[in-house]
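All residue numbers for the sequence shown refer to full-length UniProt numbering, where the first residue is 1 and numbers rise by one. Backbone N, C-alpha and C fix where the C-beta goes; we use that ideal spot for every residue, glycine too.
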Amino acid sequence: MVGMRERKKQRTRRALIEAALRLFADKGYEETTLAEIAAEADVSTRTFFSYFASKEDVVFHDSGVRLERLLGLVAARKPDEPLPRLLLGIVRESMAQATEDDEFPLRDAPLRLDLIMNVPALQARALHVLFDSQLRLTRALHDAYADRLDVVDAAAAVGALTGAAKLAVMASLERGDSMEQAMKAAARAAEVAMRGLDRLGDA
């Protein structure tokens with residue numbers, strides 16, 4: 001059970017995220033200062049630094065938690081679980097994270113995506129986060145199926161799934177779809193990629 005102090009911390013963290021996104025949308029990312037974000041959330045700048053080290057950290061506030069959930073899914077697999085089933089579970093968990101996150105609702109996703117696509121510092125951070133998470137997930141898959149899955153095969157599986165899903169989101173949004181439609185497109189693209197991985201890991 002979450003205590004009162006922890007709930008207060010969660011509310012403050014969420015307030016800072018919402019304040020930052022409002023200011024980024026109204027003023028622009030580069031033009032928004034940390035002091036303005038803190039003031040908008042009705043806290044001190046010192047309090048801001050208790051939760052985030054930078055504006056970049058606000059934009060990518062959930063990346064670490066999301067990755068840990070996926071790694072936990074791999075670690076908790078059943079000994080006889082087929083690799084394709086586990087990969088499909090990873091895709092479904094990723095979609096659930098994107099649509100059911102209370103701290104970062106789906107309505108905020110287009111703004112964050114727009115920021116990442118147009119702010120050079122965020123583009124660089126996004127690439128770092130992407131490659132780091134893919135490498136860690138690759139290692140986890142390889143460890144889970146070390147007796148029958150080469151690390152290169154694990155990398156190919158992770159790259160195929162994440163690449164298909166992310167590109168499908170971009171293509172869907174570019175043609176004017178809603179974020180909900182983009183998530184469905186990502187799931188469909190991942191399923192297409194999965195069909196090419198069906199025999200991966202077979203003994």
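inquiry  = Considering Cα atoms alone, identify which of Ala-41, Thr-45, Lys-55 and Thr-12 is closest to Glu-31.
reply    = Lys-55
ask   = What whole-angstrom Cβ distance do Ala-156 and His-142 have, given they're in contact under 8 Å?
value = Between His-142 and Ala-156 the Cβ distance is about 11 Å, and since that is not below 8 Å, they are no contact.
ask   = If you check the beta carbons only, do Asp-114 and Leu-21 fall under 8 Å apart?
value = no
ask   = How would you call Phe-52, buried or exposed, if buried means at least 16 neighbouring beta carbons within 10 angstroms?
value = buried
query = Ordered along the chain, which non-local residues of its own chain (more than five positions away) have a Cβ less than 8 Å from that of Leu-167?
reply = Ala-189
message = Between Arg-7 and Leu-71, how many whole angstroms is the CB-CB distance? I'm expecting something under 8 Å.
response = The Cβ separation is near 27 Å, so there is no contact.
ask   = So, Val-169 versus Ala-185, is the Cβ gap smaller than 8 Å?
value = yes
task = Rounded to whole angstroms, what's the CA-CA distance from Ala-19 to Gly-196? Just pull it up for me.
result = 43 Å
ask   = Does the stretch 56-68 touch the stretch 122-139, meaning 3 or more C-beta pairs lie closer than 8 Å?
value = yes
query = Secondary structure at Tyr-51, three-state DSSP: helix, strand or coil?
reply = helix
key: Extent of the continuous alpha helix (DSSP H) run through Thr-33   = Here Thr-33 belongs to no alpha helix (DSSP H), and DSSP marks it neither H nor E.
request  = Classify Thr-12 as helix, strand or coil using the three-state DSSP reduction.
outcome  = helix
message = Let me check understanding here. Comparing Cα to Cα, which of Arg-85, Arg-92 and Leu-83 lies closest to Arg-69?
response = Arg-92
key: Leu-67 to Val-158 span [Cα, whole Å]   = 13 Å
Local conformation of Gly-28 per DSSP, three classes = coil
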